[in-house]
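To keep things clear, I will list the structure first and then write my remarks on it.
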Amino acid sequence: MAEVSIITALHNCVDLTQAYVNSLIEHTQGLDWELILVDDASTDETSAFLQTLKSNARVKIIQNEKNLGFSASNNRGASIATAPVLAFLNNDLLLTNQWLPPMIDALGNCASAGIIGNVQINPRTQLVDHAGVFFGLDGMPRQARKNRKNPPKSQFTEWFAVTAACMVIRADLFEAFEGFDEDYRNGFEDIDLCVKLRQEGYRHYVCNQSRIFHCVSSSPGRHQNNDNNSETFQKRWASLTKDWGLIDWAPEYLHRYARHWWKFNFNKWLKATLMVGKDINSKKLIYRR
0 MAEVSIITAL HNCVDLTQAY VNSLIEHTQG LDWELILVDD ASTDETSAFL
50 QTLKSNARVK IIQNEKNLGF SASNNRGASI ATAPVLAFLN NDLLLTNQWL
100 PPMIDALGNC ASAGIIGNVQ INPRTQLVDH AGVFFGLDGM PRQARKNRKN
150 PPKSQFTEWF AVTAACMVIR ADLFEAFEGF DEDYRNGFED IDLCVKLRQE
200 GYRHYVCNQS RIFHCVSSSP GRHQNNDNNS ETFQKRWASL TKDWGLIDWA
250 PEYLHRYARH WWKFNFNKWL KATLMVGKDI NSKKLIYRR
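Next comes the structure, spelled out in structure tokens:
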């Protein structure tokens, strides 16, 4: 049995998928892994490329008869996984040497670990695209440290959520929480799962030693359902995640524009400065313990 089941949903973009699979095979060492590729009714040459992988004993292929979306496709992949740890990855990633072992170590060693993410770099800009997810004062998720030159130097950083573009979770935990909610369509599934787990005492971390490249939002139709997804998330969780925003929004806003002070919105800068000055230790004790 494999130690890690790597699950990737695909929809078109065969050139990205080829580069991703090649980088995975080249850079995933030190662990016994299987790769589950779920073709979500692609209409390009994806199916032909997948045929070339069938001789690889590590690779399993599922082909959806119709387009089911991110949640359902990944849930289908998880249903045939054999490993105790699941890794969900997008097909628009380029992996780097030793990307996976630090994430597995974090899953085993961080307190009450729920989901482990990593640092993702935009290959076009060479800037950070993802180093965690925090919530704004409106309760909606935002990427932490986005467009910074350098990721955090600490080994791990705790956040209220991480992105499923690249994340690891115990298989039994994913199953216990019934996987990704299929009410969402290509967005917010990962954040919804993070919130559910956090409510039950699990904590999410970004492993800052694991750094990969992410060709952001490359899948066709990626943003078609943004409004519906946002509305669903707000109705379910905003009353809770607004409180989480009181912890992280102010320092993240100030940190984001620290090098480009002329981009500050004066009213937001003033609000953030005043909030940072307040004692919010009581909320930190509630939400970060």
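Numbering (numbering that gives the first Met the number 0), first residue to last: 0 to 288.
Ideal Cβ placement from N, Cα and C applies to all residues, glycine included.
Given the structure is predicted, the values throughout are model-derived calculations rather than measurements.
When you compare the CB of residue i with every CB in chain B, is at least one pair closer than 9 Å?
{"i": "Asp14", "result": "The displayed structure is made up of one protein chain only, and chain B is not part of it."}
My assumption, with CB atoms under 8 Å, is that residue i sits in contact with residue j. Please give the rounded CB distance.
{"i": "Ile246", "j": "Gln119", "result": "Not confirmed; about 23 Å, so no contact."}
{"i": "Val3", "j": "Leu36", "result": "Val3 to Leu36, Cβ: 15 Å. No contact."}
{"i": "Leu99", "j": "Thr42", "result": "With a Cβ gap of about 31 Å, Leu99 and Thr42 do not count as contacting."}
{"i": "Asn207", "j": "Ser153", "result": "6 Å"}
{"i": "His213", "j": "Leu126", "result": "Wrong, their Cβ atoms sit about 11 Å apart, outside the cutoff."}
{"i": "Ser72", "j": "Glu188", "result": "At roughly 11 Å, the Cβ-Cβ gap does not stay under 8 Å, so Ser72 and Glu188 are not in contact."}
{"i": "Met102", "j": "Ser22", "result": "Between Ser22 and Met102 the Cβ distance is about 16 Å, and since that is not below 8 Å, they are no contact."}
{"i": "Asn66", "j": "Ala40", "result": "4 Å"}
{"i": "Leu88", "j": "Ile5", "result": "6 Å"}
{"i": "Asn121", "j": "Val20", "result": "Going by Cβ atoms, the distance from Asn121 to Val20 rounds to 21 Å, so no, they are not a contact pair."}
With burial defined as no fewer than 16 other Cβ atoms inside 10 Å of the residue's Cβ, what is the status of residue i: buried or exposed?
{"i": "Leu269", "result": "exposed"}
{"i": "Met0", "result": "exposed"}
{"i": "Thr7", "result": "buried"}
{"i": "Leu273", "result": "exposed"}
{"i": "Asn96", "result": "exposed"}
{"i": "Val275", "result": "exposed"}
{"i": "Thr51", "result": "exposed"}
{"i": "His203", "result": "buried"}
{"i": "Arg255", "result": "buried"}
{"i": "Ala112", "result": "buried"}
{"i": "Ala56", "result": "exposed"}
{"i": "Asp14", "result": "exposed"}
{"i": "Asn264", "result": "exposed"}
{"i": "Glu33", "result": "buried"}
{"i": "Trp261", "result": "exposed"}
{"i": "Thr16", "result": "buried"}
{"i": "Thr240", "result": "buried"}
For the alpha helix (DSSP H) holding residue i, just list the boundary residues, first then last.
{"i": "Asn21", "result": "13-26"}
{"i": "Glu188", "result": "188-198"}
{"i": "Asp171", "result": "170-175"}
{"i": "Ser46", "result": "45-50"}
May I ask which residues mark the beginning and end of the beta strand (DSSP E) holding residue i?
{"i": "Thr7", "result": "3-9"}
{"i": "Ser209", "result": "202-213"}
{"i": "Glu33", "result": "32-38"}
{"i": "Gln62", "result": "58-62"}
{"i": "Leu290", "result": "Only positions 0 to 288 of the chain appear in this structure, which leaves residue 290 out of reach."}
Examine the Cβ distances between the segment 129-136 and the segment 59-77 and report whether three or more of them are shorter than 8 Å.
-> no
Contact between the segment 70-86 and the segment 193-201 (3+ Cβ pairs under 8 Å) | no
Could you pull out every unbroken beta strand (DSSP E) segment of at least 3 residues lying fully inside the segment 76-114, listed in chain order?
-> 84-88
Could you tell me whether the segment 143-162 touches the segment 113-132, where touching means 3 or more Cβ pairs closer than 8 Å?
-> yes
Using 8 Å as the Cβ pair cut-off and three pairs as the minimum, do the segment 164-174 and the segment 138-150 touch?
-> no
Can you list the beta strand (DSSP E) stretches of 3 or more residues lying completely in the segment 215-255, in chain order?
-> none
Uninterrupted beta strand (DSSP E) stretches inside the segment 134-163 (no shorter than 3 residues) | 140-142, 155-158
With a cut-off of 8 Å, do at least 3 Cβ pairs link the segment 225-240 to the segment 104-112?
-> no
Would you call the segment 175-188 and the segment 229-244 in contact, with 3 or more CB pairs under 8 Å?
-> yes
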